[in-house]
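Going by the working numbering, the first residue of the sequence shown is number -9, and it counts up by one from there.
Note that beta-carbon positions come from the ideal geometry of N, C-alpha and C, so glycine has one too.
Everything numeric in this text was worked out from a predicted model, so none of it was measured.
Notes follow once the structure below has been shown.
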Amino acid sequence: MKSRVGERRNNPSCVQNSQVKTWKSSLLILCCCLLLLTGCQPRNVTTGIPVQVQRVVSGQTLEVLNTTQQSALIVRVRLIGIEAPDIKQQPWGEAAKNYIEKRISETRGQQQVLQPVLLEFDVQKKDSFGRWLAYAWHNGILLNEQLVKEGYVLAAPRSPNTKYDERLKNAQEYARIMGYGIWNPDQPMRLTPVEFRRQNPG
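The structure is reproduced here in structure tokens:
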């Protein structure tokens, strides 16, 4: 009996299998911790502006119909706390755009119709181009966070809009560990959107 135990301890394949199991267990525990940390933060937003999405421009930009004013206006909204791949940065740019479209669409007959979302603002409400800066909620889900968590975009904290920075950071760590989307080890996104645009001007 002792000799068999000794053989197992000295067998490289047994040692390797044990190390793999330990690594997988550690990875699972880490992922669970990240999810728990995210869950400890406020999940649902109770205040915001309901808007009808007219068009998804990219994985970070929406065109919405603002009906809160006397005359309805089409407004561009930049999702904050994230940085989406450039739309020309394939396949990731188009994938992020398509994800939003599918996530907020419903089927009516044979058509996919974009649904309303709830916009939540932070400290800075507009950028230098006049676009709204907001978090978008749909059916109780924070789209900014979900895009990061599923590996479609990068978390990109920018002051002064930092309300959900911790959630976005945890979501990115989860996507990276799981190898989702832009973190896929077989097809990773090697350039950040900024680096891509620098190398591909125009």
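Identify the residues that DSSP records as bridge partners of residue i: which are they?
i	result
S95	L104
A145	I72
T152	DSSP, once it has assigned bridges, lists no residue as partnering T152.
T51	R68
Q80	In the DSSP output, where bridge partners are listed per residue, Q80 has none listed.
Q177	Q177 pairs with nothing; no bridge assigned.
L205	Here the chain comprises residues numbered -9 to 192, so residue 205 is not present and cannot be evaluated.
Where residue i and residue j are concerned, what is the direct C-alpha to C-alpha distance, given to the nearest angstrom?
i	j	result
K139	E185	22 Å
L181	S95	30 Å
V47	E53	7 Å
Q44	L104	7 Å
D176	Y142	15 Å
P106	T58	13 Å
E84	T37	31 Å
A124	V67	7 Å
R157	L63	32 Å
Q162	L132	14 Å
D155	N190	29 Å
A146	L55	26 Å
K159	L144	9 Å
K153	G120	21 Å
L109	W122	9 Å
Q80	P183	11 Å
R98	L137	25 Å
K92	G130	16 Å
Q102	T51	19 Å
K115	N174	34 Å
V193	R187	The structure shown does not extend to residue 193, since the chain is modelled only from -9 to 192, so the question has no answer here.
D117	R148	12 Å
Contact check, residue i vs residue j under 8 Å by CB: the rounded distance?
i	j	result
I167	W82	I167 to W82, Cβ: 19 Å. No contact.
I77	K87	7 Å
P40	M179	P40 to M179, Cβ: 33 Å. No contact.
N134	I90	With a Cβ gap of about 10 Å, N134 and I90 do not count as contacting.
Just verifying my parser: in three-state terms, what is the DSSP assignment at residue i?
i	result
V184	helix
N1	For N1, the predicted structure reports a pLDDT of 49, less than 50, and the residue's modelled location is therefore unreliable. A value from the coordinates is still provided. Coil at N1, not helix or strand.
Y89	helix
N218	This structure cannot settle anything about residue 218, because the visible part of the chain is limited to -9 through 192.
K139	helix
Y125	strand
K159	helix
N56	strand
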